[in-house]
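J.:
Numbering (the UniProt record's numbering), first residue to last: 1 to 83.
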């Protein structure tokens, strides 16, 4: 008998796909942000699978890691404009 429920990975992929669909329905000027969010949702969700059993939690964790990383990079660029 097959699996009767989605794995966290499958759930995260479905959430990311739904977010991408929703992003395409946004106003043109906001579409790129929604699409970026959908992409970020899958970047670290694999690592999060080991730590949680909720697909939405894994996706949000993934997005937040990337948001913090991008903020940190932006702060470093302000300090060192040579890059």
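No residue lacks a Cβ here, since even glycine has one placed at the ideal position from N, Cα and C. Everything numeric in this text was worked out from a predicted model, so none of it was measured.
Tell me where the alpha helix (DSSP H) around residue 34 begins and ends.
T.: Position 34 of the chain shown, counted from the start, is the residue given in the question as residue 34. Start and end: 28-43.
J.: Given this structure, state the Cα-to-Cα distance separating residue 14 from residue 44, to the nearest angstrom.
T.: For this step, residue 14 is matched to residue 14 along the chain shown. For this step, residue 44 is matched to residue 44 along the chain shown. Approximately 15 Å, taken between the alpha carbons.
J.: Where residue 10 and residue 77 are concerned, what is the direct C-alpha to C-alpha distance, given to the nearest angstrom?
T.: Here residue 10 refers to the residue found at position 10 when the chain shown is read from its first residue. Here residue 77 refers to the residue found at position 77 when the chain shown is read from its first residue. Cα-Cα distance, rounded: 36 Å.
J.: Give me the Cα-Cα distance between residue 62 and residue 41, rounded to the nearest whole angstrom.
T.: Locating residue 62 in the chain shown gives position 62, where the first residue counts as 1. Locating residue 41 in the chain shown gives position 41, where the first residue counts as 1. C-alpha separation (whole angstroms): 5 Å.
J.: Three-state secondary structure (DSSP) at residue 140?
T.: The first residue shown for the chain is 1 and the last is 83, placing residue 140 beyond what the model contains.
J.: Residue 22: buried (16+ other C-beta within 10 angstroms of its C-beta) or exposed?
T.: By 1-based counting over the chain shown, the position of residue 22 is 22. Residue 22 is exposed by the Cβ-count criterion.
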